[in-house]
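Residue 57 in my numbering is what sits at position 57 of the sequence shown, and the numbering runs on without skipping anything.
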Amino acid sequence: MKAVHFHVAFILLALAFTLASSSDPSPLQDFCVAIKDVKNGVFVNGKFCKDPKLATAEDFFFSGLNMPGNTSNQLGSKVTPVNVEQIPGLNTLGISLARVDYAPYGGLNPPHTHPRATEILVVVEGTLYVGFVTSNPDNRLITKVLYPGDVFVFPVSLIHFQFNIGNTNAVAFAGLSSQNPGVITIANAVFGSDPAINPDILAKAFQLDKNIINQLQSRFWWDNN
Numbered sequence: 001m002k003a004v005h006f007h008v009a010f011i012l013l014a015l016a017f018t019l020a021s022s023s024d025p026s027p028l029q030d031f032c033v034a035i036k037d038v039k040n041g042v043f044v045n046g047k048f049c050k051d052p053k054l055a056t057a058e059d060f061f062f063s064g065l066n067m068p069g070n071t072s073n074q075l076g077s078k079v080t081p082v083n084v085e086q087i088p089g090l091n092t093l094g095i096s097l098a099r100v101d102y103a104p105y106g107g108l109n110p111p112h113t114h115p116r117a118t119e120i121l122v123v124v125e126g127t128l129y130v131g132f133v134t135s136n137p138d139n140r141l142i143t144k145v146l147y148p149g150d151v152f153v154f155p156v157s158l159i160h161f162q163f164n165i166g167n168t169n170a171v172a173f174a175g176l177s178s179q180n181p182g183v184i185t186i187a188n189a190v191f192g193s194d195p196a197i198n199p200d201i202l203a204k205a206f207q208l209d210k211n212i213i214n215q216l217q218s219r220f221w222w223d224n225n
């Protein structure tokens, strides 16, 4: 009987591996429209690859994460990304990094999502109030106050934020599970889209007066990336 159970388990594991191996690759940009004539193609899922024989150390190198980001802006924060745009050698490796600087007394990395990555954040200076919101229908808010040395995970695609509740500068470093994780800042996307979303739609969605929507859409929505 044990042998039968072992064989069944082995078959199920083999089937699961086959299904996982045959799934579509994860997208590395917002979309990649298929075309029939490859001569007109301009993108692949990711980046075109350099001949490996021509690769140099500079393709795998970035310098500057020791430098503080400029937090003199409306949000009081600055994200310094290190993804495939900064390090070409990250192409196809499924990982990237970012430094986040926060001004004292309320520096905010505002509610946003990474559509293609889970994020793991480690605080090296200051005190951060962080959190994320689970998907519908629960929309549960999960939060934590972080101190230097603390680590927190934001699951892929969920809305999350970091807020400096201390009276000193704060610094954190984030690892992301994509060479190009993408960022969708909620306020910027909803109220600062180009062209603007019909205000009647937003007024009904947010149950607000249309004049308030017009006011929100007229604002400049700062991008801290």
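Yeah, the Cβ is synthetic: ideal placement off N, Cα and C, and Gly gets one too. Just so we're clear, the structure is a prediction, and the values are computed from it rather than from any experiment.
Proximity winner among the options, relative to residue i (alpha-carbon distances)
i	options	result
V124	F191, S135, N169, G64	N169
S77	I212, Q162, A205	Q162
N139	N91, L128, L158	L158
Y105	P52, N167, N224, N214	N167
F220	A189, D209, D200	A189
D223	E85, I186, D209, P155	I186
V171	D209, P27, A117, G126	G126
P52	N91, P115, V183	N91
N198	H114, S63, N214	N214
T113	L216, I184, Q207	I184
S177	V84, N70, E58	V84
S26	G107, P115, L216	P115
E58	L208, I87, S72, T71	I87
T71	L28, L108, K210	L108
Anticipated Cβ contact below 8 Å, residue i with residue j, distance rounded
i	j	result
F60	G94	Contact doesn't hold; Cβ gap of about 15 Å is too wide.
N226	L128	This structure cannot settle anything about residue 226, because the visible part of the chain is limited to 1 through 225.
T118	V156	4 Å
P110	L75	6 Å
I120	G175	5 Å
V122	F173	6 Å
Exposed unless 16 or more other CB atoms sit within 10 angstroms - verdict on residue i
i	result
T143	exposed
Q179	buried
P68	exposed
V44	exposed
T134	exposed
F31	exposed
A103	buried
T56	exposed
G149	exposed
G64	exposed
L54	exposed
V153	exposed
Cross-strand partners of residue i (DSSP beta bridge)
i	result
F132	I142, H160
S77	Y102
A172	V100, V123
V151	V122
H112	H160, T185
V82	L97
V44	G46
Distance cut-off 7 Å: residue i Cβ against heavy atoms of the ligand MN
i	result
S96	Among the ligands in the structure shown, none appear at all, so the ligand MN cannot be discussed.
* **Sufficient close CB pairs (3 or more, under 8 Å) joining the segment 68-83 to the segment 97-110** => yes
* Asked: For the 8 Å Cβ check, are there 3 or more pairs between the segment 48-68 and the segment 188-200?
  -> no
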